[in-house]
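Be aware that the sequence shown starts at 0, since it is given in numbering that gives the first Met the number 0, and climbs by one per residue.
Don't be surprised by glycine CBs; every beta carbon is placed ideally from N, CA and C.
Here the structure is a predicted model, which means the values were calculated and not measured.
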Amino acid sequence: MTDFPADHLHDEADAEAPVTVRRIQRKTAPIVPAQNIAGRALVLVIAIMTFLSCLTFGAVTLVRDTASVWENQISREATIQIKPADGLDMEAALVQATQIASEFPGVKGTKIIDRDATARLLEPWLGSGLNIDELPVPRLIIVTIDEASPPDFAAMRAAITPKIPTAALDDHRTWVDRLVAMAHTTVTIGIAVLVLMLSATVLTVVFATRGAMAGNGHIIEVLHFVGAEARFIAREFRWHFLVTGMKGAAAGGALAIAVFIVFSWWSSRNMATPQADQATALFGNFAIGSAGYFGVGLMVLVIGVLTAATSHATVVAYLSDIDVRQPDAG
Numbered sequence: 000m001t002d003f004p005a006d007h008l009h010d011e012a013d014a015e016a017p018v019t020v021r022r023i024q025r026k027t028a029p030i031v032p033a034q035n036i037a038g039r040a041l042v043l044v045i046a047i048m049t050f051l052s053c054l055t056f057g058a059v060t061l062v063r064d065t066a067s068v069w070e071n072q073i074s075r076e077a078t079i080q081i082k083p084a085d086g087l088d089m090e091a092a093l094v095q096a097t098q099i100a101s102e103f104p105g106v107k108g109t110k111i112i113d114r115d116a117t118a119r120l121l122e123p124w125l126g127s128g129l130n131i132d133e134l135p136v137p138r139l140i141i142v143t144i145d146e147a148s149p150p151d152f153a154a155m156r157a158a159i160t161p162k163i164p165t166a167a168l169d170d171h172r173t174w175v176d177r178l179v180a181m182a183h184t185t186v187t188i189g190i191a192v193l194v195l196m197l198s199a200t201v202l203t204v205v206f207a208t209r210g211a212m213a214g215n216g217h218i219i220e221v222l223h224f225v226g227a228e229a230r231f232i233a234r235e236f237r238w239h240f241l242v243t244g245m246k247g248a249a250a251g252g253a254l255a256i257a258v259f260i261v262f263s264w265w266s267s268r269n270m271a272t273p274q275a276d277q278a279t280a281l282f283g284n285f286a287i288g289s290a291g292y293f294g295v296g297l298m299v300l301v302i303g304v305l306t307a308a309t310s311h312a313t314v315v316a317y318l319s320d321i322d323v324r325q326p327d328a329g
């Protein structure tokens with residue numbers, strides 16, 4: 000019987016034992032790095048552009064709504080102004096003008112602005128304790144008209160002027176036309192500013208996409224040459240920039256909403272001050288309403304989608320350029 004060394008037996012056992020190979024699975028990294036300096040800068044730029052776009056949209060909405068309120072208020076009223084003159088009984092002239100205006104169809108009512116109310120109207124300029132009998136102050140009559148069927152202002156003016164030569168009827172048509180023109184001009188300017196801001200955002204995304212592709216150009220070309228479809232590469236970039244754009248747009252939109260809320264709160268807390276009264280008379284209570292907030296949310300979505308679409312188009316153009324240069328490179 001032959002004895003074999005123990006070492007030889009161990010070697011045969013080791014040879015027959017199955018060999019276990021441990022594979023180290025590495026987490027796949029995206030083509031575009033999720034966090035880098037350029038990405039954070041792009042988020043900040045998109046946030047700033049979104050903030051400015053939302054402010055512009057809110058300002059346009061505010062001015063448009065305020066102009067609409069002015070137009071509605073002015074179109075519901077007309078004014079008869081009677082200037083004092085020698086030998087004119089002001090009170091009798093006011094009553095006579097009121098009676099003449101009330102006879103016309105389309106006039107809902109008339110109201111004479113009394114002495115105290117006239118003094119309060121002049122108080123910001125002439126001070127308190129004013130005696131209007133000592134000054135040649137015109138008196139006013141407010142004529143409330145029917146918007147659906149307004150009266151014939153030319154006939155009313157022709158009926159009042161011969162009997163009261165110092166009376167003047169103002170139907171506010173000039174002011175209405177100016178307000179409408181101002182509103183249209185403001186909306187046009189606001190739309191132009193929005194278009195410029197969105198164009199700047201698109202150009203920023205184009206340069207950012209080009210920069211990201213330049214930094215990862217060798218990887219993209221290898222993937223493209225080994226058979227990776229352009230849709231896959233474009234989808235990676237599109238998703239990356241969609242997330243980036245939505246982050247920046249959401250931050251800018253939230254900041255714009257905060258600004259609108261602060262201004263609305265400030266105007267409501269300072270309604271009794273002269274400064275707030277003047278601002279309210281010009282711009283309302285700085286509340287853009289539900290339509291304005293909906294527009295801000297829509298602006299955030301538009302900028303996010305626009306960012307993704309811009310990056311997609313840029314990547315597709317880049318890959319097409321590689322295909323054109325490929326024969327020369329070969």
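The alpha-carbon of isoleucine 190 is positioned some 47 Å away from that of isoleucine 99.
One Cα belongs to leucine 254, the other to phenylalanine 50, and the distance between them is close to 7 Å. When the Cα atoms are used, threonine 203 and glutamate 122 turn out to be separated by approximately 54 Å. Bounds of the beta strand (DSSP E) holding glycine 108 are 106-111. Per DSSP, reduced to three states, the secondary structure at aspartate 320 is helical. By the C-beta density criterion, alanine 257 is exposed, having fewer than 16 other C-beta atoms within 10 angstroms. The criterion of a C-beta distance shorter than 7 Å is satisfied by glutamine 80 and leucine 139. Short of 6 Å from the beta carbon of isoleucine 287, and not among the five residues preceding or following it, lie these beta carbons of its own chain, in chain order: Gly57, Thr60, Leu61 and Phe259. If you draw a straight line from the Cα of leucine 43 to the Cα of threonine 243, it comes to about 10 Å. When Lys107, Asp113 and Ile141 are compared, the shortest CA-CA separation from asparagine 130 is found for Asp113. If you keep only unbroken alpha helix (DSSP H) runs of at least 4 residues inside the region 180-220, you get nothing at all.
Within a 10 Å sphere around the beta-carbon of valine 225 sit fewer than 16 other beta-carbons, which makes this residue exposed. Residue nearest to tryptophan 69 within the set Leu178, Asp170, Val136 and Thr165 is Leu178 (criterion: CA-CA distance). The beta-carbon distance between threonine 200 and leucine 305, rounded to whole angstroms, is 7 Å. This is short enough to meet the 8 Å contact definition. Taking a contact as a CB-CB distance under 8 Å, the pair threonine 109 and isoleucine 141 counts as one, their CB atoms being some 7 Å apart. Residue ranges of uninterrupted beta strand (DSSP E) with 3 or more members, entirely inside the region 75-127 and ordered along the chain, are 76-81 and 106-111. For leucine 139, the beta-bridge partners assigned by DSSP are Gln80. For alanine 157, DSSP records no beta bridge to any residue. When the alpha-carbon of isoleucine 218 is set against those of Ile321, Gly105 and Trp264, the nearest one is in Ile321. The residues Thr143, Ile144 and Asp145, in chain order, have a CB closer than 8 Å to that of lysine 107 in the same chain once the five nearest residues on each side in sequence are set aside.
For alanine 257, the secondary structure class from DSSP, reduced to helix, strand or coil, is helix.
For the options Thr78, Gly294 and Gln95, the alpha carbon positioned closest to that of tryptophan 174 is the one of Thr78.
Each of Ala118, Asn71, Ala154 and Glu235 was checked against the Cα of glutamate 102, and the nearest Cα belongs to Ala154. Per DSSP, reduced to three states, the secondary structure at leucine 168 is strand. One Cα belongs to lysine 246, the other to phenylalanine 231, and the distance between them is close to 23 Å.
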